[in-house]
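*Asks:* In my numbering, the protein residues as written are 539 to 817. Backbone N, C-alpha and C define an ideal beta-carbon position, used for all residues, glycine too. As the structure is a prediction and not an experimental result, all values here were calculated from the model.
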Ligand code: ADP
Ligand code: MG
């Protein structure tokens, strides 16, 4: 039986474990392998297997698209990676040394995994700039951090991020007044302020206009390389654009990998057509 955890319910990993030391010290180590390694992960909810022996590997700097029908287990997979849900069995490592099944949600976030949920959650009553500033200083209390002066490199970092998310001209606007797509970008910008190594994005273009969707694909392609990016998405045009001719696409179905390969392979896979694309 699986348990969904909160930050309060898991306080810390066993004191003095090697994994804990690595998290707080060197950070994620990808020198000899992938950035994310899931092996044989099973998650059951009252006997129903949301994930069923899921195995998935993401390389450092990779941009991976994950597709699959509703209920395939895509969000549950992200819940396991971020520590929101504990697997019943299986292995989940971030880099070589960080055992994700032993850390609490907040600790996992601090190791360099940033997650974006489907619904944008920005501070509507603050400006775009302030939202990025707050995201940069999440360790301090909100009001204290707003008053503290930014240094030059912090300001440069915010400006660089504003350019990346196409919100330079909106930096003084209240976030609440942005379009839905712009709020999504702002939230991605807020994640980037924390300098994550791995970004998990759950249906990031849902509700965006075609133009916003195209700009978002460009943004994610820019982020790949320096970051590893995992995008869960239904919009097949968007996935084709993101994956291009050579990017790997993973198809989830009933909690396991149904197919994996470049887009043209996946799209012509008979099982994929049968359970997903052909419907
Ligand atoms: P996807 O994101 O691919 O649409 P999910 O990971 O959200 O799929 O869900 C996979 C399956 O697990 C679904 O059948 C869903 O109803 C079930 N599920 C997800 N979370 C829970 C939960 N907390 N309790 C019970 N069932 C859940
Ligand atoms: Mg989902």
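#1: Specify, as a first and last residue, the run of the alpha helix (DSSP H) that residue 773 falls within.
#2: Given this structure, state the Cα-to-Cα distance separating residue 561 from residue 639, to the nearest angstrom.
#3: Ignore the nearest five residues each way along the sequence and tell me which others in residue 731's own chain have a CB closer than 6 angstroms to its CB.
#4: Can you list, in chain order, the residues of its chain with a C-beta nearer than 8 angstroms to that of residue 678? Leave out the 5 residues immediately preceding and following it.
#5: How is residue 620 classed by DSSP in three states: helix, strand or coil?
#6: For the beta strand (DSSP E) that residue 590 lies in, which residues bound it at each end?
#7: Can you list, in chain order, the residues of its chain whose CB lies under 8 angstroms from that of residue 549, leaving out five sequence neighbours each side?
#8: Which term fits residue 758, buried or exposed, when burial requires 16 or more other beta carbons within 10 angstroms of its beta carbon?
#9: Quick check on DSSP: helix, strand or coil for residue 626?
#10: Based on DSSP bridge pairs, tell me the residues matched to residue 791.
#11: At the level of alpha carbons, what is the spacing between residue 655 and residue 604?
#12: Thinking C-beta only, is residue 653 closer than 9 angstroms to residue 616?
#13: Who are residue 765's beta bridge partners in DSSP?
*Replies:* Checking against the coordinates, here is how it stands:
#1: Position 235 of the chain shown holds residue 773. Neither: residue 773 is in no alpha helix (DSSP H) and is coded neither H nor E.
#2: Working through the chain shown from its first residue, we reach residue 561 at position 23. Working through the chain shown from its first residue, we reach residue 639 at position 101. Confidence at residue 561 is low in this model, with a pLDDT of 38, below 50, so the placement of that residue is unreliable and no value is reported for it.
#3: For the purposes of this step, residue 731 is identified with residue 193 of the chain shown, where counting begins at 1. Only 670, 673, 674 meet the Cβ criterion.
#4: Here residue 678 refers to the residue found at position 140 when the chain shown is read from its first residue. Reliability fails at residue 678, whose pLDDT of 46 lies under 50, so the model's placement of it is uncertain and no value is given.
#5: Taking the first residue of the chain shown as position 1, residue 620 is located at position 82. Here residue 620 sits in coil by DSSP.
#6: Against the chain shown, residue 590 aligns to sequence position 52. From DSSP, the beta strand (DSSP E) with residue 590 extends over 586-596.
#7: In the chain shown, residue 549 corresponds to position 11, counting from 1. Interpretation of residue 549 is limited by its pLDDT of 38, a score under 50 that renders its predicted location unreliable; the figure taken from the coordinates is listed afterwards. Closer than 8 angstroms at the Cβ level, and outside the excluded window around residue 549, lie 642.
#8: Against the chain shown, residue 758 aligns to sequence position 220. Classification for residue 758: buried.
#9: Position 88 of the chain shown, counted from the first residue, corresponds to residue 626. In the structure shown, residue 626 sits in coil (DSSP, three-state: anything other than H, G, I, E or B).
#10: Here residue 791 is taken as the residue at index 253 of the chain shown, counted from 1. The partner list for residue 791 (beta bridge, DSSP) reads 794.
#11: Looking up residue 655 in the chain shown gives position 117. Looking up residue 604 in the chain shown gives position 66. Using only the alpha carbons, I get a separation of about 15 angstroms.
#12: Along the chain shown, read from residue 1 onward, the residue named residue 616 stands at position 78. Along the chain shown, read from residue 1 onward, the residue named residue 653 stands at position 115. In this structure, residue 653 lies closer than 9 angstroms to residue 616 by Cβ.
#13: Within the chain shown, residue 765 is the residue found at index 227, counting from 1. Per DSSP, 762.
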